[in-house]
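Have a look at the structure below before the remarks.
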Amino acid sequence: MHKKLFIPGPVDVLPEVLERMATPMIGHRSKEASALQRSISEKMMKLMYTQNQIMLSTTSGTGLMEGAIRSCTRKRAAVFSVGAFGKRWYELATGNQVPADLFESEPGHPTTPERVDAALATGKYDLVTITHNETSTGLMNAAVDLAEVIRRYPEVVFAMDTVSSLGGTKIEVDALGVDICITSTQKALGLPPGLAICSFSEKAVAAARQVEHRGYYLDLLSLYDYIQKKDHQYPSTPSLSHMYALDYQLDRIFEEGPENRFSRHKEMADLVQTWAEENFALFPQKPFASHTLTTIRNTREINIGDLNKRLGEKGYAISNGYGNLKEKTFRIAHMADRTVDEVKELLQVIESILP
Ligand SMILES: *Cc1c(COP(=O)(O)O)cnc(C)c1O
Numbered sequence: 001m002h003k004k005l006f007i008p009g010p011v012d013v014l015p016e017v018l019e020r021m022a023t024p025m026i027g028h029r030s031k032e033a034s035a036l037q038r039s040i041s042e043k044m045m046k047l048m049y050t051q052n053q054i055m056l057s058t059t060s061g062t063g064l065m066e067g068a069i070r071s072c073t074r075k076r077a078a079v080f081s082v083g084a085f086g087k088r089w090y091e092l093a094t095g096n097q098v099p100a101d102l103f104e105s106e107p108g109h110p111t112t113p114e115r116v117d118a119a120l121a122t123g124k125y126d127l128v129t130i131t132h133n134e135t136s137t138g139l140m141n142a143a144v145d146l147a148e149v150i151r152r153y154p155e156v157v158f159a160m161d162t163v164s165s166l167g168g169t170k171i172e173v174d175a176l177g178v179d180i181c182i183t184s185t186q187k188a189l190g191l192p193p194g195l196a197i198c199s200f201s202e203k204a205v206a207a208a209r210q211v212e213h214r215g216y217y218l219d220l221l222s223l224y225d226y227i228q229k230k231d232h233q234y235p236s237t238p239s240l241s242h243m244y245a246l247d248y249q250l251d252r253i254f255e256e257g258p259e260n261r262f263s264r265h266k267e268m269a270d271l272v273q274t275w276a277e278e279n280f281a282l283f284p285q286k287p288f289a290s291h292t293l294t295t296i297r298n299t300r301e302i303n304i305g306d307l308n309k310r311l312g313e314k315g316y317a318i319s320n321g322y323g324n325l326k327e328k329t330f331r332i333a334h335m336a337d338r339t340v341d342e343v344k345e346l347l348q349v350i351e352s353i354l355p
C-alpha cells in the first residue's frame, strides 16, 4: 500500500505530473531542448519574482548549495544556521576549502538581523548564507528583515536556501535582493527528487569571475555562461525527464494561482500548528513557525516510531525529528499538493491512535 506522505520531502507527486517523466527523449542539443529550458526559466522567474537568470542542476538542492558557496566566495563566507541544513552550508564550505565562519542560533530561534549586521560590519565577509526555511526545526526566518540588513553591504553576495519553502510561500527574490536563491524539486514544488533550481544575479556572476577555482560540474559561472551563449542549454546532459515534469507542474501552479497556493499552505500550517499547541507544543518560536512543515515538541514523550508504525498501517507517513531532535520532536509536512482536507484527515487519524 502506498502511504500518503506528510514527510518534508520527497513529497507525493500527482499522477499526471509523474506521467510527464515518461515523455520520450529529445536531444539535449536540440531546438526543442532550448525551448523547454526557456519555458521553465520564464515560469520560474515568475514564481521567484525575479529578472535574474534561472539555472537548473541535475543534482538535489545540496549540489547548488555547494556550487554557490564555492563559486562565489572570494574572501570568506558568513554562514547563519538555525539547524541541520544551515550547518550543511558550513560543511560544504570546509569540504571545499572555502574560508567560512558559522553563526548558530539556539534551536527554535531565528537568525536575527542584529547578528547578521554585526558579522557583516566586520568587513571580513563577501558572501552570506541564510536558511529561509529550516526543515529540521520547522522554523521560517524573517527574510524581509534579514534582507534589509544585508542590502546595506553591497559587496556581499546573498545566498539563500529556499529548498523547503519555494513554491509554498511567497519569496520575492528581487525585492529581497537575493543573489543566489536555491531550491529543489522534491519539496514544496511537488516533483520527484533529482533536480535543483536557482536564480543567479549579475552580482553573483561578477563575484564568480573573481574566483579562480570554482570546481567543474558545480561551477555556477560555467553554467551561467553556457546558458547565455548556447540558448539555455547546459554543459552536460540534464535530466530532461525532470524538466518535462517541472514545466508541466509550473503550469499547474499558475493554474491554481501562486497566491492561492501560498494561502493553502498557510491554512494547512495554521491547522497543524493549532493542533500541535493543543496537544503538544511547537518547537520553533511561534512567529517563526514554517508555512510548509511543523516541528512538534514531543511533550507527552510518546514513542514516535510506534506512532508512525500505526499510522503506516492506516496509510500515512509522518517524520520523526531530525538528527539530535529525533525522539524530542516529530514533524508533519504540509506542502506541495497536499490539501486542507487531507491534513484534517491526518490529524484525526493521529488522534485516534494517541493514548
Ligand atoms: C531538503 C533540504 C535541503 C537538501 O536538499 P536536497 O535536495 O536533499 O539536497 C537543504 N536545505 C533544506 C532547508 C532542505 O529542506
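Residue numbers are given in our numbering: position 253 of the sequence shown equals residue 253, and the series is strictly consecutive.
Quick reminder that beta carbons are idealized off the backbone N, C-alpha and C, glycines included.
- If you draw a 10 Å sphere on the C-beta of Pro-284, you find 16 or more other C-beta atoms in it, and that means buried.
- Taking all protein chains in view, the Cβ of Pro-110 is crowded by 16 or more other Cβ atoms within 10 Å, so the residue is classified as buried.
- Distance from the CA atom of Ile-40 to the CA atom of His-265, rounded to whole angstroms, is 23 Å.
- In this structure, the CA atom of Leu-354 is about 8 Å from the CA atom of Leu-307.
- A straight line joining the alpha-carbon of Tyr-224 with that of His-213 spans about 16 Å.
- Val-13 has its Cβ no nearer than 7 Å to any heavy atom of ligand 1.
- With contact defined as three or more Cβ pairs closer than 8 Å, the segment 118-128 and the segment 269-286 are not in contact.
- Look at the segment 96-129 and you find these whole runs of beta strand (DSSP E), each 3 residues long or longer: 100-104.
- Within the same chain, and ignoring the five residues on either side of Ser-57 in sequence, the residues whose Cβ sits closer than 6 Å to its Cβ are Gly-63, Leu-64, Ala-196.
- A distance criterion of 7 Å places the beta-carbon of Val-178 beyond contact range of ligand 1, judged by its closest non-hydrogen atom.
- Per DSSP, the beta bridge partners of Thr-183 are Ile-197.
- Residue burial is scored here from C-beta neighbours: Ser-352 has fewer than 16 other C-beta atoms within 10 angstroms and is therefore classed as exposed.
- Looking at Leu-311, Pro-238, Asn-279, Phe-330, the one whose alpha-carbon comes closest to that of Gly-194 is Pro-238.
- Here the segment 153-167 makes contact with the segment 177-190; the two share three or more CB pairs at distances below 8 Å.
- Contact check between the segment 33-52 and the segment 233-253: three or more CB pairs, one atom from each, fall below 8 Å, which counts as touching.
- Membership of Leu-246 in the alpha helix (DSSP H) is indicated by the continuous run 240-256.
- Distance from the CA of Tyr-153 to the CA of Val-116, rounded to the nearest whole angstrom, comes to 11 Å.
- Judged by the Cβ position, Lys-187 qualifies as a neighbour of ligand 1 at the 7 Å threshold, a heavy atom of the ligand being closer than this.
- By the criterion of a C-beta distance shorter than 8 Å, Ala-100 is surrounded in its chain by Ile-69, Thr-73, Arg-76, Ala-77, Ala-78, Val-79, Trp-89, Tyr-90, Ala-93, Thr-94, once the five residues flanking it on both sides are discounted.
- For Asp-161, the secondary structure class from DSSP, reduced to helix, strand or coil, is strand.
- Any heavy atom of ligand 1 counts here; residues with a Cβ closer than 5 Å to one of them, in chain order, are Ser-60, Gly-61, Thr-62, Phe-85, Thr-135, Asp-161, Val-163, Ser-164, Ser-184.
- Of the candidates Thr-339, Met-160, Ser-201, Thr-292, the residue whose Cα lies closest to the Cα of Arg-331 is Thr-292.
- In terms of Cβ geometry, His-232 and Ser-34 form a close pair [threshold 8 Å].
- For secondary structure counted as the alpha helix (DSSP H) over 4 or more consecutive residues, the segment 252-290 holds these complete runs in sequence order: 258-279.
- Scanning Gly-215, Ala-276, Ser-263 for the CA closest to the CA of Gln-348 turns up Ala-276.
- The Cβ-Cβ distance between Ile-318 and Leu-325 does not fall below 8 Å.
- Ser-81 has Glu-104 as its beta-bridge partners, per DSSP.
- In this structure, DSSP gives Leu-166 an extended state, which the three-state scheme calls strand.
- The beta carbon of Met-21 sits closer than 6 Å to those of Ser-241, Ala-245, all from its chain and outside the five residues before and after it, given in chain order.
- In the three-state DSSP reduction, Arg-331 falls in the strand class (E or B).
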